[in-house]
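With the UniProt record's numbering as the guide, the letters of the sequence shown map in order to residues 1 to 536.
For every residue, glycine included, the Cβ atom is placed at its ideal position computed from N, Cα and C.
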Amino acid sequence: MAATGSEQAGPKAYYVSTPIYYVNDAPHLGHAYTTVAGDVLTRWHRQRGEKVWYLTGTDEHGQKIMRTAEANGVSPQEWCDRLVEESWKPLWEHLRIANDDFIRTTEKRHTDRVREFVQDLYDRGEIYQGGYEGPYCVPCEEYKTYGELLDGEGEYEGLQLCPIHKKPVEMLKEENYFFKLSAYGERLLAHYEAHPEFIQPESARNEVVQFVRQGLEDLSISRSTFDWGVKIPWDDKHVIYVWIDALLNYATAVGYGSDQKKFEETFPADVHLVGKDILRFHAVIWPAMLMANGLPLPKRIAANGWLMVGGEKMSKSNLTGISPHELTDHFGVDAYRWYFLRAIVFGQDGSFSWEDFSARYTSELANDYGNLASRVAAMVGKYFDGTLPEPAAHGEAEQAIADGLTTAVRDADEKLGEHLDFAGGIAAVFDFIKQVNGYLTEQAPWKVAKDTSAEAQERLATILYTAAESLRACTVLLNAVMPESSAKLWESLGAEPALGALADQPLADAGRWGQLPAGTKVTKGAALFPRLEETK
Ligand code: ME8
1 MAATGSEQAG
11 PKAYYVSTPI
21 YYVNDAPHLG
31 HAYTTVAGDV
41 LTRWHRQRGE
51 KVWYLTGTDE
61 HGQKIMRTAE
71 ANGVSPQEWC
81 DRLVEESWKP
91 LWEHLRIAND
101 DFIRTTEKRH
111 TDRVREFVQD
121 LYDRGEIYQG
131 GYEGPYCVPC
141 EEYKTYGELL
151 DGEGEYEGLQ
161 LCPIHKKPVE
171 MLKEENYFFK
181 LSAYGERLLA
191 HYEAHPEFIQ
201 PESARNEVVQ
211 FVRQGLEDLS
221 ISRSTFDWGV
231 KIPWDDKHVI
241 YVWIDALLNY
251 ATAVGYGSDQ
261 KKFEETFPAD
271 VHLVGKDILR
281 FHAVIWPAML
291 MANGLPLPKR
301 IAANGWLMVG
311 GEKMSKSNLT
321 GISPHELTDH
331 FGVDAYRWYF
341 LRAIVFGQDG
351 SFSWEDFSAR
361 YTSELANDYG
371 NLASRVAAMV
381 GKYFDGTLPE
391 PAAHGEAEQA
401 IADGLTTAVR
411 DADEKLGEHL
421 DFAGGIAAVF
431 DFIKQVNGYL
441 TEQAPWKVAK
451 DTSAEAQERL
461 ATILYTAAES
471 LRACTVLLNA
481 VMPESSAKLW
491 ESLGAEPALG
501 ALADQPLADA
511 GRWGQLPAGT
521 KVTKGAALFP
531 RLEETK
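Quick look at the structure:
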């Protein structure tokens, strides 16, 4: 690798990536699921005060894209440009994805470096020429083994199908270049053994270990029957296999071969988020490529499960008519970001339904959280003219709330920040919200308010202060998941003039009691999570 620049590298960033998605079609709920998860993780770590680099992008070469472009009567490049600009980037903006870069595999900054990387492997004797014949799935862009194919039925009677796409495979016979993947089995197994956290969840790890133990075959890394790809540097009749091209985005986007300082400050990834369908590419082929090139391996490959609709994996051909926009129009962007991470255990498959989304929205977002926020603001308005009162003596009930908050902060950070247990981390905050609601019901400030004695007024001040201070902490803890509603609540609590911007509030400090100063102006804004219209 050509090292450029002599500037010393700074501290390494926490580097999070999503898969780079195929642009043969517009993004759907499945793509958004992984991308939102990466965004929440990114924002969480930023709020921990860490330097974070979040990368997403698009995978634009290969037969699948080429055929789609042909079917639409445009060149592959035109097709990709159109889809990226009209569908992919706008959706990420709409969902408030705070990525630091967006890599497209047709960019020169990528293709030049891919050629260098592959040339380097060739020079090291890791690549040889040979022939291959076998069943190929174009939607997967992968050769399949005979053993994993399914027998077709109905319209596919007599044909053999890809087990993921349930579409017929094509028989391919080509002269290709091969990467000596088979030589890396033992080293990969040793790495999995020494780094149990390398592949998550555990079930995914076991599957990969079992697969590698069976013995790896060398990998065909070029194609010669079409030309929509990066040319092999020493033989331009071949293009580089789209998966080799695509995996390298994680290196080329952060300065591999072009900006050594940035590369050292970013690479390797701390978390590659992937769907479980592409786990082997990331947990077997990618680390073997890095080993062959002498580069460090990522810290963690985290596989999410599949979003299912009506018992089937949601995919481009099986959308059952739902687009991310339809859901955000109905529930709002924040609720959308929250729902999939809250309702599905990360790493496991999960079914989506309107009914479940509506029920959780109403009970947890609108009733538990939204109502708490509006009740507290309304009472501070009514009883203290919108000025947050000074609390008096901190009783047992208040101490229980402060303790509950300490637990919520610790659990949320450990679960979400460390273990990518998004559902568990969010639940820790919502359990605390329930606790605060219970506190208000018990303390019944609306009854205390009827007593005009100085003692009762002091008590009323303490109760409302406790509730408002609890909301201050919830806002900080939920900012990564729901940035827009958190910003609204931050404003409604009048927190910014005293405490500064919400995104600057360190998570580690979120549980320190008593930060919201008495005297702030509390205003009752519009409902954070309005009642759903009865349209669905
Ligand atoms: O595989 N449930 O791109 P792709 C959950 N270009 N996640 C889903 C999903 C579902 N039903 N459907 C898609 C590719 N995803 C390659 C990647 S990376 C170097 C190259 C998510 O457009 C999930 O993250 O087919 C999955 O791995 C990814 O989208 C596949 O996107």
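When DSSP builds the beta bridges, which residues end up paired with residue i?
{"i": "residue 161", "result": "150, 168"}
{"i": "residue 127", "result": "179"}
{"i": "residue 273", "result": "302"}
{"i": "residue 137", "result": "142"}
{"i": "residue 97", "result": "DSSP, once it has assigned bridges, lists no residue as partnering residue 97."}
{"i": "residue 219", "result": "179"}
{"i": "residue 239", "result": "223, 231"}
{"i": "residue 103", "result": "57"}
Could you give the DSSP three-state label for residue i: helix, strand or coil?
{"i": "residue 417", "result": "helix"}
{"i": "residue 537", "result": "Not covered by the structure: residue 537. The range shown for the chain is 1 to 536."}
{"i": "residue 122", "result": "helix"}
{"i": "residue 231", "result": "strand"}
{"i": "residue 352", "result": "coil"}
{"i": "residue 74", "result": "coil"}
{"i": "residue 200", "result": "strand"}
{"i": "residue 514", "result": "coil"}
{"i": "residue 31", "result": "helix"}
{"i": "residue 265", "result": "helix"}
{"i": "residue 60", "result": "coil"}
{"i": "residue 225", "result": "coil"}
{"i": "residue 521", "result": "strand"}
{"i": "residue 17", "result": "strand"}
{"i": "residue 308", "result": "strand"}
{"i": "residue 532", "result": "coil"}
{"i": "residue 84", "result": "helix"}
Measuring only the C-alpha atoms, how far is residue i from residue j?
{"i": "residue 421", "j": "residue 343", "result": "11 Å"}
{"i": "residue 412", "j": "residue 29", "result": "25 Å"}
{"i": "residue 389", "j": "residue 464", "result": "8 Å"}
{"i": "residue 462", "j": "residue 495", "result": "18 Å"}
{"i": "residue 453", "j": "residue 409", "result": "36 Å"}
{"i": "residue 478", "j": "residue 530", "result": "18 Å"}
{"i": "residue 512", "j": "residue 305", "result": "36 Å"}
{"i": "residue 262", "j": "residue 45", "result": "19 Å"}
{"i": "residue 333", "j": "residue 433", "result": "21 Å"}
{"i": "residue 74", "j": "residue 369", "result": "49 Å"}
{"i": "residue 456", "j": "residue 517", "result": "21 Å"}
{"i": "residue 521", "j": "residue 376", "result": "13 Å"}
{"i": "residue 168", "j": "residue 249", "result": "29 Å"}
{"i": "residue 160", "j": "residue 139", "result": "14 Å"}
{"i": "residue 469", "j": "residue 360", "result": "25 Å"}
{"i": "residue 127", "j": "residue 282", "result": "19 Å"}
{"i": "residue 17", "j": "residue 96", "result": "16 Å"}
{"i": "residue 291", "j": "residue 121", "result": "10 Å"}
{"i": "residue 212", "j": "residue 191", "result": "12 Å"}
{"i": "residue 162", "j": "residue 378", "result": "58 Å"}
{"i": "residue 418", "j": "residue 271", "result": "11 Å"}
{"i": "residue 39", "j": "residue 158", "result": "45 Å"}
{"i": "residue 293", "j": "residue 117", "result": "8 Å"}
{"i": "residue 407", "j": "residue 510", "result": "11 Å"}
{"i": "residue 227", "j": "residue 194", "result": "41 Å"}
{"i": "residue 245", "j": "residue 111", "result": "8 Å"}
Are the beta-carbon atoms belonging to residue i and residue j less than 8 Å from one another?
{"i": "residue 241", "j": "residue 224", "result": "no"}
{"i": "residue 490", "j": "residue 466", "result": "no"}
{"i": "residue 324", "j": "residue 339", "result": "no"}
{"i": "residue 247", "j": "residue 285", "result": "yes"}
{"i": "residue 204", "j": "residue 299", "result": "no"}
{"i": "residue 134", "j": "residue 172", "result": "yes"}
{"i": "residue 53", "j": "residue 21", "result": "no"}
{"i": "residue 123", "j": "residue 181", "result": "no"}
{"i": "residue 274", "j": "residue 303", "result": "yes"}
{"i": "residue 189", "j": "residue 287", "result": "no"}
{"i": "residue 346", "j": "residue 32", "result": "no"}
{"i": "residue 532", "j": "residue 488", "result": "no"}
{"i": "residue 27", "j": "residue 88", "result": "yes"}
{"i": "residue 373", "j": "residue 471", "result": "yes"}
{"i": "residue 60", "j": "residue 80", "result": "yes"}
{"i": "residue 331", "j": "residue 357", "result": "yes"}
Tell me, to the nearest whole angstrom, how far the beta carbon of residue i is from that of residue j; I am working on the premise that it is less than 8 Å.
{"i": "residue 104", "j": "residue 84", "result": "6 Å"}
{"i": "residue 266", "j": "residue 255", "result": "7 Å"}
{"i": "residue 460", "j": "residue 449", "result": "5 Å"}
{"i": "residue 98", "j": "residue 42", "result": "6 Å"}
{"i": "residue 185", "j": "residue 215", "result": "6 Å"}
{"i": "residue 426", "j": "residue 341", "result": "6 Å"}
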